[in-house]
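Residue numbers (our numbering): 210 to 1304.
Even for Gly, the Cβ is constructed at its ideal location relative to N, Cα and C.
Below is one structure; the comments refer to it alone.
Structure, rendered in structure tokens:
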């Protein structure tokens, strides 16, 4: 949905806010705290004089029986069941929604009157049907977290409560109105004021939905909130009753009788529902069962009054623990988005639409804007002024993946050939023809949408306009109707004004003692014999146009002549590594099919030639230099595949020393660990980029190899680094060969230049990724594949206009695998806003986290890690504080209110802060940190999403015959049941965790052993067994591997085993051993930061 679209036929109001069940809490230090004493002030948010307590109207819940927590299903008109408390039948993920705390203003003796706390659905929500939102409020004094008041009851016979507004006592907040969200196809009922003075009609343009909760007034940790569909025990209209949330022991017996919670309204018509189990009213506008104080907070008062007008008998307190189900759940948000947006195609014709989440499977129909597979933005509605952008602190950035691979059901971009005249461009800003260009004067001229310059249309491109001012051939031309397309480039777009030759691949193999001893060289040579048949090829070509060459090296380099006319390959040695040259031209780069016999003979001989080597020293820079010189001599772009095992300590350019020093961690000198030791590699990379020579590096280290320095050339040339620590053929061959096959076969654009143009008002100011820049606008890539992204940050340089919006055009000039010079164009139109609420309603948290992680990972090169972490926390607090101050309804300072689109920002940001780069544990090596740092730099949004918040899938919960992926659970130890088996994956690692009490039949079916104790810990391959469970689990592992760009090696982890520490490192909602905060603690810290900013 989009701000410029006509209003939808149905007002997208949400359902009335559900109430939120209470939490188990314990006090600071684990001692049970006491609740507040009776106060002289009457009930804080007790009944307002003049109203009568009445039975609850709406669908009600039967009293809980002992055993599992009751889950009721409120019936929505239309027969759909509302979401159960635990969402999708899985008890492990917490509620789907946060609840709105509305504070009544009748009797509030403390300080100035507080306004009703209202969550307002956006009139046009980006995520499918408008989700409900809510604020969970925790006690300021006794810190009792619990449910909240829903909007007042509807008129008789209506299934939904009307939008109502509760005015404050002073009437000083006339504009805060609360909306419920109505189902599609049903008009909202008329508003009724419910007898409160100053009730307002619903406002059309409400701020985005917040999620909120109230922490204690003291500076202790605080609890957050959630949004989403209804919880059990919540009614659609009328006054709500709350119910225990995620009870870990059977619920206590509750006193019978219709004990009401919440401010009463006029008596609604009676319902035929069974009576509610009563809960006590709580102080300070918190509704729901009374709870013990939370862990981490002292309790200020000694006694607990019952604030209801009908006190029930005292209840025993449930177990003391803070309930993590009260805070936003990534799993629930992902699940809701899949349900709401997975079935419909995403049509890109409307400006400023927020796409479905990266975790949702959806089909894209290109109707004028680039697919989100190519470009994702942090916000699809950007502030009109730089002042507004500074105030919100939301980074404006796009993550661009120009050569992204598409699913089979989506068509690749069309290739447009304009012949010798080449693609049509604006004369002033050089933007390429696109659907946003405006044709004028009967089609003879066009006005550029980027710089407003008026250009003549060449005679051969002329076409008449229809009555709407559109060209009559608009839908026949991809560049006038689609967001993404390609142009064939003319010779003017080529180096030295001549068309390029097809690219070449050079394999450069370390044959030092380490490489031979591990069996790496033999394995690699064997694999290359068959792999050379799968080199990438152009479109429908029979054979690949790519030529290949081979080099082996240790302290010296060996070049091989594999010319097809030779009976045997010839070897030439270059020992003067200080002055590298290529000893042969003819016969070094050859066509695979022509020279197959000679190549096969060479690959058979290499392992034998060096089998007795004792040479342990290696060189590195001269190897890359040699490959680059060979491509230069052949006048073609290409890629070097370098297979390297050790720190290059031999005398040669680029020689390195071991500088690994863990004592530098957490000091100001820590940044040196991420910086290259020498400038030689930057200089070398620059020469490689000029030649179109991309480098992919496969590392097989047994100890420190200085990844920070060795990865400089791959990083700056658009290449990749793969690392196999302590490589052993039997354990790692599958992972290495799988990565190698994929790396060689993937489609690459060579000798590429990318430029991002923007319409007047914003410009690209910063770039992140694996590339080189020699000026401020051109991103130069020796090679670019379908997995790599370039992240671009934009800043204002003028005022933007809400009418015209903002435009981006990414143009990539590259040489294809077949040697064709092409231009790939992606266009995207965004909305602009003058209200901060519109910005916050159209943000994409996953993209925001992708940008923030890259920003931080680059920051560690120049700043102490602590400074980088603090910067991230401050920026996040500023983003949320600005929302709270300018968009959320007035409410108590004790509440944390999160924008609906950003409610996962704290949990994801905490994962970034706890990552190995920013907060390493004792077992993380310097090389690992440098490796992950450069990896994340060019990850796309889907990769960073699962990398920072891993998938945890229970395997025995769903039926064996089910073919779909089981519903995930939150990444926390308390979600693990020791009678179950779980898969955890983050795009690089894959664990199978086996609980100690797993049924014997399951163990037998999966591992072919009779008991848990016989399972081998650390196992990396599951036995192939002919039973449904084994087939299902192995199939699931294969499908997860197929979704990720790198092969994930399986590690089987048994509960209570030493490997479990490694596994727990990925349970990111928990406290980490390296000192990282748990999700709950971080949220509390975030709230403290926000309150400081607001005060």
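query	result
Tell me the DSSP bridge mates of residue 751?	DSSP output for residue 751 lists no bridge partner at all.
Where does residue 1190 fall in DSSP's three states?	strand
Along the chain, which unbroken stretches of the alpha helix (DSSP H) at least 4 residues long are found entirely within the segment 594-626?	595-601
Quick one: is residue 647 buried, meaning 16 or more other Cβ sit within 10 Å of its Cβ, or exposed?	exposed
Provide the residue span of the alpha helix (DSSP H) that contains residue 985, from first to last.	No alpha helix (DSSP H) holds residue 985; DSSP gives it neither H nor E.
Taking the DSSP output, what are the residues bridged to residue 994?	957
With C-beta atoms as the reference, is residue 1048 less than 7 Å away from residue 588?	yes
From residue 1172 to residue 1241, what distance separates their C-alpha atoms?	7 Å
Going by DSSP, what residues sit across from residue 1263 in a beta bridge?	1203
As a quick exercise: from 562, 822, 860 and 637, pick the residue whose alpha carbon is nearest that of residue 785.	860
Quick one: any contact between the segment 690-700 and the segment 611-626, if contact means 3 or more CB pairs under 8 Å?	yes
Is the beta carbon of residue 974 sitting closer than 7 Å to the one on residue 1004?	yes
Quickly, what does DSSP pair residue 969 with across the bridge? List them, please.	Paired residue(s): none; residue 969 is not in a bridge.
Within 10 angstroms of its Cβ, does residue 804 collect 16 or more other Cβ (buried), or is it exposed?	buried
Residue 1296 by DSSP, collapsed to three states: which one?	helix
When burial is assigned at 16 or more other CB atoms within 10 Å of the CB, is residue 871 buried or exposed?	exposed
Under the three-state reduction of DSSP, which class applies to residue 1037: helix, strand or coil?	strand
DSSP state of residue 944, grouped into three classes?	helix
On the DSSP letters alone, give me the boundaries of the beta strand (DSSP E) that residue 902 sits inside.	902-908
For residue 719, report the span of its alpha helix (DSSP H) as first-last.	That residue, residue 719, is in no alpha helix (DSSP H); its beta strand (DSSP E) goes 713-719.
Rounded to a whole number of angstroms, what is the C-alpha to C-alpha distance between residue 530 and residue 1180?	Its pLDDT being 46, under 50, residue 530 is placed unreliably by the model, and the measurement read from it follows with that caveat. Cα to Cα, the separation comes out at about 18 Å.
In the DSSP assignment, find the unbroken beta strand (DSSP E) run with residue 1021 in it and report its ends.	1015-1024
Quick check on the burial criterion: 16 or more other C-beta atoms within 10 angstroms. Buried or exposed for residue 617?	exposed
Between the alpha carbons of residue 730 and residue 1070, how many angstroms are there, rounded?	35 Å
Around the Cβ of residue 603, are there at least 16 other Cβ atoms within 10 angstroms (buried) or fewer (exposed)?	buried
Would you mind stating whether residue 1055 and residue 1150 have Cβ atoms separated by less than 7 Å?	yes
Can you look up residue 1283 in the DSSP assignment and give me helix, strand or coil?	coil
Report the option in 1192, 1133 and 1082 whose CA atom is closest to the CA atom of residue 1305.	Past the boundaries of the shown model lies residue 1305; the chain is included only from 210 to 1304, so the question cannot be answered.
Are there 16 or more other CB atoms within 10 angstroms of the CB of residue 677, so buried, or fewer, so exposed?	exposed
Could you tell me the boundaries of the beta strand (DSSP E) in which residue 693 lies?	693-697
Mark residue 1267 as exposed unless 16 or more other C-beta atoms lie within 10 angstroms of its C-beta, in which case mark it buried.	exposed
Three-state secondary structure (DSSP) at residue 538?	coil
Could you name the residues of the same chain whose beta carbon sits closer than 6 Å to that of residue 1280, not counting the 5 residues immediately before and after it, in chain order?	1287
Round the Cβ separation of residue 916 and residue 908 to the nearest angstrom and send it over; I've been treating them as touching at under 8 Å.	7 Å
Output yes or no for whether 7 Å exceeds the beta carbon distance between residue 1051 and residue 763.	no
By Cβ distance, which residues of its chain are closer than 7 Å to residue 1169, with the 5 residues on each side in sequence left out?	1237, 1238 and 1241
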